[in-house]
Amino acid sequence: MPKIIGKSVTVVQDGGLCIDEFAGNVATKDDTLSIARVVVSKPASEPWLTLDYDEWLCVVRGEIELHYGDGEILTVKAGETCMISKGERFRPVFPVGDTEYIPVCLPAFKPERCHREEEGVSETSKKLRDLHSNGAVPPCSSSSVVNDVDRLFHMCQKASWEAAVASGEAYFPPTFEADGGFTHATAVAERLIETANHFYTSSQGDWICLELSKEALKKVGIITRFEEAKPVGGTATGTQWSSWVCPHVFGGIPTQLSGIVTNIYPMKRDSEGTFLSIEGVST
Numbered sequence: 078m079p080k081i082i083g084k085s086v087t088v089v090q091d092g093g094l095c096i097d098e099f100a101g102n103v104a105t106k107d108d109t110l111s112i113a114r115v116v117v118s119k120p121a122s123e124p125w126l127t128l129d130y131d132e133w134l135c136v137v138r139g140e141i142e143l144h145y146g147d148g149e150i151l152t153v154k155a156g157e158t159c160m161i162s163k164g165e166r167f168r169p170v171f172p173v174g175d176t177e178y179i180p181v182c183l184p185a186f187k188p189e190r191c192h193r194e195e196e197g198v199s200e201t202s203k204k205l206r207d208l209h210s211n212g213a214v215p216p217c218s219s220s221s222v223v224n225d226v227d228r229l230f231h232m233c234q235k236a237s238w239e240a241a242v243a244s245g246e247a248y249f250p251p252t253f254e255a256d257g258g259f260t261h262a263t264a265v266a267e268r269l270i271e272t273a274n275h276f277y278t279s280s281q282g283d284w285i286c287l288e289l290s291k292e293a294l295k296k297v298g299i300i301t302r303f304e305e306a307k308p309v310g311g312t313a314t315g316t317q318w319s320s321w322v323c324p325h326v327f328g329g330i331p332t333q334l335s336g337i338v339t340n341i342y343p344m345k346r347d348s349e350g351t352f353l354s355i356e357g358v359s360t
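This note's numbering applies: residue 78 is where the sequence shown begins, and numbers increase by one.
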């Protein structure tokens, strides 16, 4: 079924350069690929670049000179598309103003995948790093503690959460003991619906998604460890989840302490129990 997955985000607005991302790690929070629109309003050039992804440049108007090799230049004119392979060193030059092009990157653009041979770090590079660091989960080995991710999500039955709140006691998921004494969570919002439909469609009643602060949990002695995906009760993980790194909260969720649960989102289901969306978080 067709669906809207996001909308454009202006990731760079710097003098004569404007970059609007339509898909990718900022606009759609998806690392599969990125699509953007770049407008260069006056002659300019980039430093030498080496990419850790394949990139297609589709020139809409104006032209781009790609310097590479031993003084060689490829000129890409309006209406043309060129492809730059992963690992290739090149330097983009924009000899004329009013140039517009569409870059498509596979996998998606990230600042750490674009190696720039520049002195120091430009303001544009700093902004891109800041934008791409929000909500990102850095690579980590099993059982390592990740320090620079704070926002976590836990999905649970609304009635169970409300009962814990009413009692004044911490909330524990029903499979807490069977799972090894931890509460399942995720730091990647885009995985929530897939996870819910894998594990929880046979359950009855309304569900909610809790947004948690890992740092607030840590302050009261509840540690989160990022590990491989693990079963929930007697249900195994998804067959395509071998590369997932998931936060496991070693304790229950306090219901009476401020700052731990930062938001509660309703989860929408259809009549057959399939989870459809989490308004404000994931669709």
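In this text, a Cβ means the ideal position worked out from N, Cα and C, and glycines have one as well.
The C-alpha of P308 is placed about 12 Å away from the C-alpha of S319.
When only Cα atoms are considered, K84 and G101 end up about 10 Å apart.
About 17 Å separates the CB atoms of G139 and V89; that is not less than 8 Å, and the two are not in contact.
Ranking G357, E304, G315, G298 by CA distance to the CA of L334 puts G298 first. Taking C-alpha positions only, Y130 is separated from F253 by approximately 40 Å. Contact annotation: T158 and L134 have beta-carbon atoms nearer than 8 Å. Taking a contact as a CB-CB distance under 8 Å, the pair E267 and D107 counts as one, their CB atoms being some 6 Å apart.
DSSP places T312 in the strand class (E or B) of the three-state scheme.
Shown here, F303 sits in a strand according to DSSP, grouped into three states. Non-local C-beta neighbours of V153 in its own chain, meaning closer than 7 Å and more than five positions away in sequence, comprise L134, V136, E140, I141, L143, C159, ordered along the chain.
Pairing V226 with K187, the inter-Cα distance amounts to about 17 Å. Sequence-distant Cβ neighbours of A185 in its own chain, meaning closer than 6 Å and more than five residues away, are G101, N102, D108, L110, S111. Contact between R114 and D97 holds: CB atoms are separated by about 5 Å, below the 8 Å threshold. Your pair D175 and K235 does not check out as a contact, with CB atoms roughly 54 Å apart and the cut at 8 Å.
In the DSSP assignment, L94 falls within the beta strand (DSSP E) that extends over 94–100. Of the candidates G357, K291, T314, Q281, Q281 places its Cα closest to the Cα of D347.
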